[in-house]
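Taking the UniProt record's numbering, the leading residue of the sequence shown gets 1, the next gets one more, and so forth. Using N, Cα and C, we set each Cβ at its ideal position, and we do this for glycine too. What follows is a single structure, written as structure tokens, with notes after it.
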Amino acid sequence: MFTVDSYIPTRVVFGAGRLDELATLPLPGKKALICTTPARRPAAAALVERVRALVERNGASSVIFDHIAPNPTKRSVEEGTALALREGCDFLLGLGGGSSIDCAKAIAVMLRSPGSLWDYAYTGTGGKKTPEAAAPLVTVTTTCGTGTECDPYCVITNEETGEKLDFASDALFPVFSIIDPELLLSLPRDLSIYQGFDGLFHAAECYVCNGHANRMVDLYALESVRIIARSLPAVLRSPDDLEERAELAFACDILSGYTQALTSVTSHHILGQTLGGLFPEMPHGATLITVAEAYYSKVCALLPGVFDELGEAMGVPRESGRPGFAFVAALQKLMDDSGCRTLCLKNFGISRGDFRRIVDMTVDQVGISLDRYTLTKEDMTSILADSLSK
Numbered sequence: 001m002f003t004v005d006s007y008i009p010t011r012v013v014f015g016a017g018r019l020d021e022l023a024t025l026p027l028p029g030k031k032a033l034i035c036t037t038p039a040r041r042p043a044a045a046a047l048v049e050r051v052r053a054l055v056e057r058n059g060a061s062s063v064i065f066d067h068i069a070p071n072p073t074k075r076s077v078e079e080g081t082a083l084a085l086r087e088g089c090d091f092l093l094g095l096g097g098g099s100s101i102d103c104a105k106a107i108a109v110m111l112r113s114p115g116s117l118w119d120y121a122y123t124g125t126g127g128k129k130t131p132e133a134a135a136p137l138v139t140v141t142t143t144c145g146t147g148t149e150c151d152p153y154c155v156i157t158n159e160e161t162g163e164k165l166d167f168a169s170d171a172l173f174p175v176f177s178i179i180d181p182e183l184l185l186s187l188p189r190d191l192s193i194y195q196g197f198d199g200l201f202h203a204a205e206c207y208v209c210n211g212h213a214n215r216m217v218d219l220y221a222l223e224s225v226r227i228i229a230r231s232l233p234a235v236l237r238s239p240d241d242l243e244e245r246a247e248l249a250f251a252c253d254i255l256s257g258y259t260q261a262l263t264s265v266t267s268h269h270i271l272g273q274t275l276g277g278l279f280p281e282m283p284h285g286a287t288l289i290t291v292a293e294a295y296y297s298k299v300c301a302l303l304p305g306v307f308d309e310l311g312e313a314m315g316v317p318r319e320s321g322r323p324g325f326a327f328v329a330a331l332q333k334l335m336d337d338s339g340c341r342t343l344c345l346k347n348f349g350i351s352r353g354d355f356r357r358i359v360d361m362t363v364d365q366v367g368i369s370l371d372r373y374t375l376t377k378e379d380m381t382s383i384l385a386d387s388l389s390k
């Protein structure tokens, strides 16, 4: 008899134009620390002011914290925590993508938990404690792919060690998350690609990981990859198509977010996080795309039925002579359609001399125990070598 254990308490407010409901939704406090990356375009600066005005219309005040890098750091979390304490902020508002929201989550932990941030990182050199409490958090997403709007995790980089590690606690579920596809219409093409593939891999990895045995995950994951395979190329062809933006956001932010809330990713994401920690200028989605074809070509035959199911969901039939290859073929097609199949590690200044450090950190410090297959350090090195240039 199968079992289901499901806990996703976040209220999701999804739909075009729904950002305005920030002025009426019940807020979890009276003063928000609005966490966002620096506004480099007038439209981004205008959105920050719009959100701030909506919060004020709802009866709360706010303080802006925008010292957040694309791969948020321990230093940023400490700086944001100090600002929140100094200003008397009692809740967080993550505005932007995964970097802003993850930083807000980590600050929320530090506002309610003793000790240092790294005490709560649960792999690597972290103290592996589970935060028992966090300040309440709400989110407004402007990207499409992280899933952090709906899950109990955040990922932070330690600049001193180069580690990019996870933090996990039910206290990190947002109170509510607003996902307004209208905010995605101005998303640049490269970010649309990076985030779309991030959402795809969240769903696929959760479907194949060793904690996958939950029929809710299967439903969310297969529907997510089905939608992404169709909608990502459509969005790239017609960036102003609001319907396709909404489809992609539904799949990447909600469905893939739910899969993460219920289970875990695999060593593909762990390898990507290591790359992002050691090479912080490398966008997270790019860390995944660069190694994906080599990674899944290596593992697809180890779980052929599962990978063929993923490929079929993406519209590619299984091949009798190549068990498990349907997902690789679907991935290759989606990369070709998106124009990112030639993305490689060399594009980001990575060389063979970096491989040992990358592999050692991935396997020894962070760990790859979430796989249903066994990859050795030699396998990981081979994946990197095949991803160096294309």
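- A distance below 7 Å between beta-carbons, with the five flanking residues on each side excluded, links Met110 to the following residues of its chain, in chain order: Val77, Thr81, Leu117.
- Counting other Cβ atoms within 10 Å of its Cβ, Tyr153 reaches 16 or more and is therefore classed as buried.
- The residues Pro72, Thr148, Cys154, Val155, Ile156, in chain order, have a CB closer than 7 Å to that of Asp102 in the same chain once the five nearest residues on each side in sequence are set aside.
- With 16 or more neighbouring CB atoms inside 10 Å of its own CB, Gly199 falls in the buried class.
- In summary, Arg112 is exposed, with fewer than 16 beta-carbon neighbours lying within 10 Å of its beta-carbon over all protein chains present.
- Comparing alpha-carbon positions, the option among Leu288, Gly126, Gly127, Gly276 lying closest to His268 turns out to be Leu288.
- Residue burial annotation: Thr141 is buried, with at least 16 other C-beta atoms found within 10 angstroms of its C-beta.
- DSSP places Ser389 in the coil class of the three-state scheme, outside both helix and strand.
- Going by beta carbons, Cys89 and Ala32 fall inside the 8 Å limit.
- Secondary structure remark: continuous beta strand (DSSP E) runs of at least 3 residues inside the stretch 119-182, in chain order: 137-141, 153-158, 163-168, 176-179.
- Annotation: the stretch 223-264 contains the following complete segments of the alpha helix (DSSP H) (minimum length 4 residues), in chain order: 242-249, 256-262.
- Counting only the Cα atoms, Ala221 lies some 5 Å from Ala203.
- Inter-residue distance for Asp190 and Ala329 is about 22 Å (C-alpha atoms, whole angstroms).
- The Cβ-Cβ distance between Ser177 and Thr139 falls below 8 Å.
- For Pro233 and Ser224, the gap between their C-alpha atoms comes out near 14 Å.
- Between the alpha carbons of Glu319 and Cys300 lies a distance of about 12 Å.
- Relative to Leu185, the option among Phe173, Cys206, Glu244, Tyr258 whose CA is nearest is Glu244.
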